[in-house]
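**Q** Numbering (UniProt numbering), first residue to last: 1 to 259. Every residue, glycine too, gets a C-beta built ideally from N, C-alpha and C. Bear in mind that the values here come from a model prediction, so they are computed numbers and not experimental data. Below is one structure. I have some questions about it.
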């Protein structure tokens, strides 16, 4: 596990308590598992990315961000080209009651524009300046934003994490819990208990939610329903549509990007 790369040092160890970092990433770029002493708001103005902590997986399309407390290990992978806008926050120097756990943040149109504007500021702005006040107001807007995101817990147990991470990489994997029990060296009963105790839902329900998360992302990009169904392991488009409607209350076509 790494701490952070040298090109992030000037933001993470900046003099001011709130600084904004703009960064561009190509599709398929990976930032390995790392941590840093500042809290962080991760948001992509454009593009879609995945973010993982030790216990959660997040899929972040536009207008979704994640708040990460200090010293929480996390890694990132871009699914498309991404224009990242990150706030780094020194919580010890601020009076705000900001989240102490990793949470999803709904990025409103107002907050989006604030984050874009903030990314233009020098990290060496003066205390009491317009930039200082603007960043404080932006952080208050983050605090007031509703929690929202496409995320799934992945548990602490190494066997659970192996199963969950494998399925995250291939949501169409059709292996049963009994199959996974043989792979990770556990009984089906043990895995059933672990899913219930650590994740709070069954294996079948967790995998279904993973497929819904991926389906919504792919439908939003305009991918044909038939291709989404095939990618997620369904034998037919109709079988996928029935599942999607039952779980979400909507037809897949309602989530497709309109031309």
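#1: Going straight from the alpha carbon of residue 206 to that of residue 152, what length do you get?
#2: What's the call for residue 242, buried or exposed, on a 16-neighbour Cβ count within 10 Å?
#3: Using 8 Å for Cβ pairs, my map puts residue 58 next to residue 105. What's the rounded Cβ distance?
#4: Would the beta-carbon of residue 231 fall within 9 Å of that of residue 246?
#5: Exposed or buried, which one is residue 216 when buried takes at least 16 other CB atoms within 10 Å?
#6: Note down the Cα distance separating residue 97 from residue 74, rounded to an integer number of angstroms.
#7: Taking the C-alpha atoms as reference points, what is the distance between residue 172 and residue 234?
#8: Just mark residue 18 as buried or exposed, buried being the case when its beta carbon has 16 or more other beta carbons within 10 Å.
#9: Do you know how far the Cα of residue 71 is from the Cα of residue 200?
#10: What number of angstroms, rounded off, separates the C-alpha of residue 107 from the C-alpha of residue 187?
#11: Note the first and the last residue of the continuous alpha helix (DSSP H) segment covering residue 44.
#12: Roughly how many whole angstroms lie between the Cα atoms of residue 2 and residue 36?
**A** Short version:
#1: Whole-angstrom Cα-Cα distance: 8 Å.
#2: Its Cβ having fewer than 16 others within 10 Å, residue 242 is exposed.
#3: A Cβ-Cβ distance of about 11 Å is found for the pair residue 58 and residue 105, leaving them out of contact under the 8 Å criterion.
#4: Their beta carbons are not under 9 Å apart, which means residue 231 does not touch residue 246 by this criterion.
#5: Residue 216 counts as buried, since at least 16 other C-beta atoms from the protein chains shown sit within 10 angstroms of its C-beta.
#6: Going by the C-alpha atoms only, they are around 22 Å apart.
#7: Using only the alpha carbons, I get a separation of about 8 Å.
#8: It is buried - the Cβ of residue 18 has at least 16 other Cβ atoms within 10 Å.
#9: Straight-line Cα distance between these residues: approximately 25 Å.
#10: If I take the Cα positions, the gap works out to 42 Å.
#11: Unbroken run through residue 44 is the beta strand (DSSP E), 39 to 46; no alpha helix (DSSP H).
#12: Since pLDDT at residue 2 reaches only 42, below the 50 mark, its modelled position is unreliable, and the value read off the structure follows with that caveat. Here the alpha carbon of residue 2 sits roughly 9 Å from the alpha carbon of residue 36.
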